Structure formats: structure tokens, C-alpha cells
Amino acid sequence: MQTASELPGKPTSAAATTLSQIMTATETNLYGTVHGGVIMKFVDDVAAACAGRHSGGTALTVFMDEMLFLVPVRVGDLVHASAQVNWTGRTSMEVGVRVVAERWNESVPPTHVASAYLVFVAVDAEGRPRPVPEVLPESPAERRRHAEAGIRREHRLARREAIKRSRETEGESAAADSAPRS
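First residue of the sequence shown? That's 1 in full-length UniProt numbering, and the numbers climb one at a time after it.
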């Protein structure tokens, strides 16, 4: 198996992916707008396609770092979700997704409705992590997103370590918290 350093890098544009869908009444919540979970699944779908294209195979969602809903999506909106790989590690990658919506029957600029950052791990046929090509940002915006993804990664790792330390110092109370509840 090749290591990540042996794989040729890929520009951000190589795996950029966009999916589009018209939202219908079956996707609405009790408030008459599109359910946030529908948008989240749509975001995960486009991010997974992007991660798979970048890594050249299966990539699994392991973390949704952030999901920001800005404006409600309405029935009849044509929704476009665009994804790109912002950062890569040895076997993992961060994918950023921007979601915009426009009325299906109007010719007006789309409205930014949501953004998200997801982390994927590339896996082989046996489900083991496998190396991914380095992402090669080309534009100033891509370099900015790459740097910001590194900051988010540092925060995820620091949070994980802080939680681990907290659980170790709790001793028995942590074990009690993990016991099944009746």
C-alpha cells in the first residue's frame, strides 16, 4: 500500500462537487420550512462524494465539526450544495460545504442558507484507514480555507485531549457515568 507522501497531490478543484435538489413538501418540518436534518443529509451526501473523489475510493464521515444554518429553506427552493476538500492529513480530510437556495421559478441570485465542515477518513476494502493524497490549494481563498481547517483540527484534538484528561481525573464517577442506566 502506498503512503500518503507517495501519492501525488491533487488541487482543490480536482474533487470539488456540487449536488442540486428541489425541496418538496415531504421534506418540511412543523414550521413549514425544510427540516434541518434534510439539509444535513444533503450536506453529508455532497461531502462524501467530494471526499471519495479526492481519496479515490470509500471515505467515511467521522465528524461534523460545524453546521451553521443561516436562512430557512422553503418548499420549492432549488438547493445547491457545493463541497471541496479544505485540508488533508495522512488518512483523513476536512471537507467544507456551502449551501445556497434559490426559488425554482425566479431568476434571482441564490441565498447562502447553510455551511458545514465535515471530517472523513478514507478506508480500504477491509474498512482500515488508507492514505489520501495531499490537497494542493491554489487560490488565496483556498489557502485561507486550508489554514482555517488546520485551526479547526487543532481545536478538535485539544478538545478530545481535555475530555480524556477530565475523565481520567474523575476516576470512579466516569465509570459510573458509562454504566448502563435502567
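All C-beta atoms in this analysis are idealised placements derived from N, C-alpha and C, irrespective of residue type, glycine included.
The structure presented is a predicted model; accordingly, all values stated were derived computationally and were not measured.
Cβ-heavy atom distance, residue i to the ligand ADP, below 7 Å
i	result
G127	No copy of the ligand ADP appears in this structure; indeed no ligand is present at all.
Own chain residues within Cβ distance below 6 Å of residue i, not counting five before or after
i	result
T88	V132, E134, V135
S115	L68, R98
A16	Q84
G9	P133, E134, L136
Buried versus exposed call for residue i [16 or more other C-beta atoms within 10 Å across all chains shown]
i	result
D124	exposed
R130	buried
A141	exposed
R143	exposed
S55	buried
Cβ-Cβ separation, residue j to residue i (assumed contact under 8 Å), whole Å
i	j	result
A81	V99	5 Å
A122	A48	Incorrect: roughly 11 Å between the Cβ atoms, too far for contact.
Contacting residues, own chain, Cβ-Cβ under 7 Å from residue i (five flanking each side not counted)
i	result
M40	M67
T33	P72, V73, R74
Candidates the options, of which the one nearest residue i by Cα
i	options	result
R53	T18, G37, V73	T18
H35	R152, V113, E148, E170	V113
T12	L30, M93, R167	M93
Other residues of its chain near residue i: CB distance less than 8 Å, five sequence neighbours each side excluded
i	result
A14	R53, H54
A25	V75
Problem set entry | Inter-stretch contact (C-beta, 8 Å, three-pair minimum) for the region 129-145 and the region 72-79 | With a cut-off of 8 Å, the region 72-79 and the region 129-145 do not count as touching, because too few Cβ pairs lie within range.
Exercise. Quick one: any contact between the region 157-171 and the region 100-114, if contact means 3 or more CB pairs under 8 Å?
Worked result: The answer is no - the region 100-114 does not touch the region 157-171, with fewer than three Cβ pairs under 8 Å.
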